[in-house]
Amino acid sequence: MTGTPSLPPLGEKSKFPKAFSATVTLPPQQRACRNLDIVFNTRLVASTPPSKEASGAHALALDNDGESLSQTAPLPSEEPCGLTPASLKHLRRQRDALNEEKNRLQAELQESTKQLKELKPQVASLSTQLEEAIASRAELETQVESNRQRAERSEELSAKLEAVVAEKEAEIERLRKGLADQQKLTQEVCEAADRRDQQANEQNAAQVRDLQETIRKLKMENQQLLQEQQLQAKRQEEMAHSVAVAMAAAEKAMAMHAQHTSQLETLRTAKLAEAINSKVELHIAVPKVTLSQPGMALQWDLAFGLQFTSLRCVECRTHIVYWPVGKPTVGWSSSERCSQDQGIHFACSPSLHQSADSGPCDGPD
728 MTGTPSLPPL
738 GEKSKFPKAF
748 SATVTLPPQQ
758 RACRNLDIVF
768 NTRLVASTPP
778 SKEASGAHAL
788 ALDNDGESLS
798 QTAPLPSEEP
808 CGLTPASLKH
818 LRRQRDALNE
828 EKNRLQAELQ
838 ESTKQLKELK
848 PQVASLSTQL
858 EEAIASRAEL
868 ETQVESNRQR
878 AERSEELSAK
888 LEAVVAEKEA
898 EIERLRKGLA
908 DQQKLTQEVC
918 EAADRRDQQA
928 NEQNAAQVRD
938 LQETIRKLKM
948 ENQQLLQEQQ
958 LQAKRQEEMA
968 HSVAVAMAAA
978 EKAMAMHAQH
988 TSQLETLRTA
998 KLAEAINSKV
1008 ELHIAVPKVT
1018 LSQPGMALQW
1028 DLAFGLQFTS
1038 LRCVECRTHI
1048 VYWPVGKPTV
1058 GWSSSERCSQ
1068 DQGIHFACSP
1078 SLHQSADSGP
1088 CDGPD
């Protein structure tokens, strides 16, 4: 026997005797190993004579976990059975094969036990997952029910909406016709407005041309006014220059007038002094006379004064000298004779003439 012995399916009678079909609380693989051990021991007992120890050993069968079977296997018949050496050899081979199968099944049992121990911690999580799955299933069922109710309501709403859509389509068709009429009316209004705009644009263009012509004329007038303004500014500058020149000339004339007035005042004073000096009466009884003149005062006696004649400078008209009668006047030129003062008027030569500030002329040597 090389393969794993198959267990009978559920509901099928076992091939083993009733003595070995007792119910135990073991996993399927352990139960199969137990059955194989029982079969092997039974066959071994059948092939050997019974003894007290063997009958005591097979009276009670223990499992791997130390649990006893609920029912012990009965001993086979004590009748001797004739076995040949060949049968014994065959039984030994079967025993060896069963031992190998037993060892293999025990190894598989240990591996399964190890896997069970490893999977045991996952039992709680799997239980939790199972509960969650059950809860989620219940929730999904609830959602399915709610979705079904929602679908029913949706169908009702869909029917209502279809009716509303039909009404809206009719209204849309009516509105489409109204829109077409409105578009036609709007187009006519727009065309009329375009015509009015075109006419207004033409009028505006004419007004713009008129305004441009007016602007051109105003610019020309502005240029003319600017030229006139420049000309007036130039004239104003010239007039200002002329006024400045006239003011300078007037100031110069006023200065000259003031100088002339001063000279006239000086001449009047000199004439007055000359008239006073010419009208002085000389008294012979008076031994000396004092003559006043613009120059330095001279004191002469009467006899000395009768020997001189009066001379006046023609240029300055203020310097009077008395020259001895009959003495030649070298360097002096006779200009005219004055019959009133009975003196001779001479003009000083340019080399001998002095300014009024330098005093009276002294005459020639």
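Our numbering numbers the first residue of the sequence shown as 728 and each following residue consecutively. Cβ atoms here follow ideal geometry from the backbone N, Cα and C, with glycine treated the same way. Because the structure is a prediction, the values reported are computed rather than measured.
> Taking the continuous alpha helix (DSSP H) assigned at K944, which residues delimit it?
Replying inline: Your numbering for residue 944 matches position 217 in the sequence shown. In the DSSP annotation of this structure, the continuous segment of the alpha helix (DSSP H) that includes K944 starts and ends at 849-1005.
>> How far does the alpha helix (DSSP H) with T840 in it extend, from its first residue to its last?
In response: In the sequence shown, counting from the first residue as 1, residue 840 sits at position 113. Where T840 is concerned, the enclosing alpha helix (DSSP H) stretches over 812-846.
>> Please return the same chain residues whose Cβ sits closer than 6 Å to the Cβ of A982, not counting the five positions on each side in sequence.
In response: Numbered from 1 along the sequence shown, position 255 holds the residue referred to as residue 982. Setting aside the 5 residues that flank it on each side, A982 has no residue in the same chain whose C-beta is closer than 6 Å to its C-beta.
> Using the C-alpha atoms, what's the distance from L938 back to V972?
Replying inline: Taking the first residue of the sequence shown as 1, we reach residue 972 at position 245. Taking the first residue of the sequence shown as 1, we reach residue 938 at position 211. Looking at the two C-alpha atoms, the distance is approximately 49 Å.
>> Using the Cβ count rule (16 or more neighbours within 10 Å means buried), how would you classify I861?
In response: For the purposes of this step, residue 861 is taken as the residue at position 134 of the sequence shown. I861 is exposed by the Cβ-count criterion.
> Using 8 Å as the limit for Cβ to Cβ distance, is L902 near chain C?
Replying inline: Of the protein chains in this structure there is only one, and it is not chain C.
> Is it right to say E918 is buried, meaning 16 or more other beta carbons lie within 10 angstroms of its own, or is it exposed?
Replying inline: Translated into positions along the sequence shown, residue 918 becomes position 191. Flag for E918 reads exposed.
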